[in-house]
Each structure stands twice: as C-alpha cells, then as structure tokens.
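Chemist:
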C-alpha cells in the first residue's frame, strides 16, 4: 500500500488506523501549505487535489472514510462490521459526522488554526459563532449515543471512533479553545479512552 498524506485532520485518522492495524504502508508526504496538491503531477494521484489517497496495488481509493473501511477489511480486523445491518449503522454515523459534527468542528479548526498557519486572513467571528452553536447541537447527539458505552457503536472499537474523534482530538492537541468539548462528559471520557491507544496518540510515520 502507498498512502499520500499531510499532517492535517483527515489524513490523521487514516495514518492512525494504518499504524493501529500494523499495515505495511509506504508513506508519501504532500505539502498542502506549499500547494503541492495543485501541481500537475498530483492530478494523476487524485483529481480532487486532496489527501489522503491510498493505492493498494492497482486500486486507488480517495476519501478518508473509504480508505479506513478498506484498511479494516484488508486487515480482517473487525473494525469494519461484517454484518449488513451493522454496516448500515456504521455508515450512518460516519456520514452524520461528515455532514454535521466534524463539519462544524472543522470550520472552527479552519478559522482559528489553519488560517493562521496558511496566512490567509483573520478568523471570521460570525462563522465561529455559527459553528459553535451547531457543534453544541450535534455534540449532544453523540454524547447521548456514548452514554453507558465505551465506543460509538455498541459492538466496540471501530473505524467510526477513528472517524468521529479526529477533529476533536486535533483541536485539543492544538489548543482550539472555541470547541466546547468540555461541556460533554461522555465525549470527553471517550476521547480520553481513544488517547490510550498508542497509534491514536502518535499517528504519523516517523
């Protein structure tokens, strides 16, 4: 396998999973901040100009959720459920996260972290306020789901945990104060459990 990545949120979850599964992966760093993704040679890797991208033999997979599912299946790990209805449940939470929870958390991350790193302007207070309000709304849904169980799916650790925890973990690591994670006890405890996984704490290739 060959994985194109950068040290940003979506590649983080994929790198963490690859390390957790102890997969034999060749890593190729793509410097998004120097616009490497827009160079002609990268278009053949991913015409979407995004990372992560995984090549497994002749198979090319983009989008972090699809890459995680592929890795879990190839490793026969059980982190992607084998039963059809359980797959639907996993897909429900993964797509919900992209559409709602991590969408708004990512807005905060972009406004308060990425803009400064990339030198592309000041944070937008209106965008931050809107994202915080939406995050609180959807974080309550996840907090309720985690009530009384250690992982998002009641069957145990899965790629759903790797997917949903990513932006919030990065936000805590980089000191994103606007993200009110501390208001949600079940989410806070779940993130602490994720931090107990060595590959989650240190996901990047050396």
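Residue numbers (my numbering): 825 to 1030. Note that the Cβ used here is the ideal one computed from N, Cα and C, for glycine as well.
#1: If we call anything under 7 angstroms between Cβ atoms a contact, is residue 892 one with residue 856?
#2: Under 6 angstroms from any heavy atom of the ligand ZN, does the C-beta of residue 900 make it?
#3: Going by C-alpha distance, which of 1009, 861, 928 is nearest residue 971?
#4: Return helix, strand or coil for residue 841, following the three-state DSSP convention.
#5: Tell me which same chain residues have a C-beta within less than 7 angstroms of the C-beta of residue 980, skipping the five on either side of it?
#6: With DSSP as the reference, label residue 984 as helix, strand or coil.
#7: Looking only at C-alpha atoms, which of 888, 851, 918 sits nearest to residue 976?
#8: Tell me the residue span of the alpha helix (DSSP H) that contains residue 891.
#9: Identify, in the order they occur along the chain, each residue of the same chain with its Cβ nearer than 6 angstroms to the Cβ of residue 894, setting aside the five sequence neighbours on each side.
#10: Which residues does DSSP list as the beta-bridge partners of residue 852?
#11: Using C-beta distances below 6 angstroms, list every residue in its chain close to residue 1029, excluding the 5 sequence neighbours before and after it, in chain order.
#12: So the beta strand (DSSP E) residue 1000 belongs to, where does it begin and stop?
#13: If the criterion is Cβ atoms closer than 7 angstroms, does the pair residue 989 and residue 1015 meet it?
#14: With H, G and I counted as helix, E and B as strand and the rest as coil, what does DSSP make of residue 939?
#15: Short of 8 angstroms in beta carbon distance, which residues of its chain neighbour residue 847, apart from the five on each side in sequence? Order them along the chain.
#16: Which whole-angstrom value is the C-beta distance of residue 925 and residue 956, which I expect to be below 8 angstroms?
#17: So, for residue 929: in the same chain, excluding its five sequence neighbours on each side, which residues have a beta-carbon less than 8 angstroms away from its beta-carbon?
Modeler: With the structure as the only source:
#1: On the chain shown, position 68 is the one that residue 892 refers to. On the chain shown, position 32 is the one that residue 856 refers to. No, these two residues do not count as a Cβ contact at 7 angstroms.
#2: Absence of the ligand ZN from the depicted structure is noted, as is the absence of any ligand whatsoever, leaving it without description.
#3: As a working note, residue 971 is residue 147 in the chain shown. Selected option, being the one with the closest Cα: 1009.
#4: One-based indexing of the chain shown puts residue 841 at position 17. In this structure, residue 841 counts as helix in the three-state DSSP scheme.
#5: On the chain shown, residue 980 is found 156 positions in, with the first residue counted as 1. Correct list: empty, nothing qualifies.
#6: Mapped onto the chain shown, residue 984 falls at position 160. The answer is helix: DSSP assigns residue 984 an H, G or I state.
#7: In the chain shown, the residue the question calls residue 976 occupies position 152. The residue with the shortest Cα to Cα distance from residue 976 is 918.
#8: Here residue 891 refers to the residue found at position 67 of the chain shown. Start and end: 888-898.
#9: By 1-based counting over the chain shown, the position of residue 894 is 70. Excluding residues within five positions, the ones whose Cβ falls inside 6 angstroms are 885.
#10: Counted from its first residue, the chain shown places residue 852 at position 28. Paired residue(s): 828.
#11: Position 205 of the chain shown, counted from the start, is the residue given in the question as residue 1029. These residues qualify, in order along the chain: 851.
#12: Along the chain shown, read from residue 1 onward, the residue named residue 1000 stands at position 176. Careful: residue 1000 lies outside any beta strand (DSSP E) and carries neither H nor E.
#13: Along the chain shown, one-based indexing puts residue 989 at 165. Along the chain shown, one-based indexing puts residue 1015 at 191. Contact: yes.
#14: Position 115 of the chain shown, counted from the first residue, corresponds to residue 939. Here residue 939 sits in helix by DSSP.
#15: Translated into positions along the chain shown, residue 847 becomes position 23. The answer, listed in chain order, is 825, 895, 898, 899.
#16: Counted from its first residue, the chain shown places residue 925 at position 101. Counted from its first residue, the chain shown places residue 956 at position 132. No, residue 925 and residue 956 are not in contact; Cβ-Cβ is about 13 angstroms, not under 8 angstroms.
#17: Along the chain shown, one-based indexing puts residue 929 at 105. These residues qualify, in order along the chain: 955, 959, 991, 992, 995, 1003.
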